[in-house]
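What follows is a short report on a single structure.
Have a look at this one:
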């Protein structure tokens, strides 16, 4: 098995809000991937004394420990326990009811000799490559399916959509969101490789339309995860002028990729 992990901040002057990790149990059987994309906080605050990197480090650490050590737990149960553990670490000091309390997207993968299980919450992506080369994306597309007018301002999103049944879910302070994640499993023999990506890396496909999911996976497999991130940065620079004119989303985003080849 070969693993590759790349995580690069969108702005070198600001902390990376992503968390990425690979866990290999001491018994040598199986493994796991954890990928979080911290939600950038608004300027007017989150009701929390802690930063998003603090939150993703805490949540990512709890997910890693639980996924490696407690194989009797399902992935939704692991996510729920990790959220609860993270919530307990700052519930006495922070307003966790604030709609922008620190939160993150989640990709969680666990495999054994026989089975590969996955969980995806919000707009990070998991790609599974079969032995014949076919690539299957595992996506939580609730955010992508919302009408653009509903996403016009942060205030509208926070009031009507964020962590609500009619909108989309992220891992914040409510363990029950774990039940809303996209989950599933496949025989381990049916997966030759996998790639977990935050939306700062999936921009190559989803924003800049340089190729489909198979082409993106080919780029990672043939040139490396760092080549994908470098190409995204080049495309972002070319897009900067148009983005500024149209007042679109930020030029650069934190970009993380975990690639595992079995």
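Numbering (our numbering), first residue to last: 44 to 305. Think of the CB as a built atom: it goes at the ideal place given N, C-alpha and C, for glycine as much as any other residue.
Local conformation of residue i per DSSP, three classes
{"i": "residue 249", "result": "helix"}
{"i": "residue 260", "result": "helix"}
{"i": "residue 275", "result": "helix"}
{"i": "residue 298", "result": "strand"}
{"i": "residue 64", "result": "strand"}
{"i": "residue 98", "result": "helix"}
{"i": "residue 129", "result": "helix"}
{"i": "residue 45", "result": "strand"}
{"i": "residue 186", "result": "coil"}
{"i": "residue 56", "result": "coil"}
{"i": "residue 142", "result": "coil"}
{"i": "residue 110", "result": "helix"}
{"i": "residue 116", "result": "coil"}
{"i": "residue 255", "result": "coil"}
{"i": "residue 81", "result": "strand"}
{"i": "residue 220", "result": "helix"}
Bridge partners - residue i, DSSP secondary structure assignment
{"i": "residue 154", "result": "74, 159"}
{"i": "residue 86", "result": "Residue 86 pairs with nothing; no bridge assigned."}
{"i": "residue 51", "result": "298"}
{"i": "residue 237", "result": "171, 303"}
{"i": "residue 147", "result": "81, 214"}
{"i": "residue 228", "result": "160"}
{"i": "residue 179", "result": "171"}
Among the options, the one whose alpha carbon lies nearest that of residue i
{"i": "residue 48", "options": "185, 160, 90, 263", "result": "263"}
{"i": "residue 76", "options": "132, 221, 253, 104", "result": "104"}
{"i": "residue 300", "options": "51, 86, 106", "result": "51"}
{"i": "residue 153", "options": "226, 240, 244", "result": "226"}
{"i": "residue 144", "options": "53, 82, 245, 169", "result": "82"}
{"i": "residue 260", "options": "79, 235, 215, 78", "result": "235"}
{"i": "residue 128", "options": "168, 209, 215", "result": "215"}
{"i": "residue 96", "options": "78, 109, 87", "result": "78"}
{"i": "residue 80", "options": "70, 86, 166", "result": "166"}
{"i": "residue 121", "options": "148, 184, 109", "result": "109"}
{"i": "residue 70", "options": "94, 113, 218", "result": "113"}
{"i": "residue 87", "options": "101, 198, 194", "result": "198"}
{"i": "residue 169", "options": "272, 256, 73, 278", "result": "256"}
{"i": "residue 184", "options": "175, 196, 117, 213", "result": "213"}
{"i": "residue 224", "options": "275, 162, 258", "result": "162"}
Beta carbon proximity, residue i to chain C, threshold 9 Å
{"i": "residue 72", "result": "Looking for chain C here will not work: only one protein chain is present."}
Same chain, Cβ closer than 6 Å to residue i, five either side skipped, listed in chain order
{"i": "residue 136", "result": "92"}
{"i": "residue 228", "result": "158, 160"}
{"i": "residue 290", "result": "Bear in mind that the predicted position of residue 290 carries a pLDDT of just 46, short of 50, making it too unreliable to give a figure here."}
{"i": "residue 171", "result": "179, 234, 237"}
{"i": "residue 56", "result": "none"}
{"i": "residue 297", "result": "52, 53, 59, 60, 61, 243"}
{"i": "residue 288", "result": "Note that residue 288 scores 45 on pLDDT, short of 50, meaning its location in the model is unreliable; the coordinates nonetheless yield the value given after this. So no residue of the chain qualifies."}
Neighbourhood of residue i by C-beta distance below 7 Å, restricted to the same chain and skipping five residues each side
{"i": "residue 280", "result": "none"}
{"i": "residue 268", "result": "47, 49, 300, 302"}
{"i": "residue 139", "result": "130, 216"}
{"i": "residue 111", "result": "66, 68, 75"}
{"i": "residue 201", "result": "142, 143"}
{"i": "residue 101", "result": "129, 132"}
{"i": "residue 177", "result": "none"}
Sequence-distant residues of the same chain with beta carbon closer than 8 Å to residue i, five excluded per side
{"i": "residue 231", "result": "154, 155, 156, 157, 158, 159, 305"}
{"i": "residue 90", "result": "137, 138, 139, 140, 141, 143, 144"}
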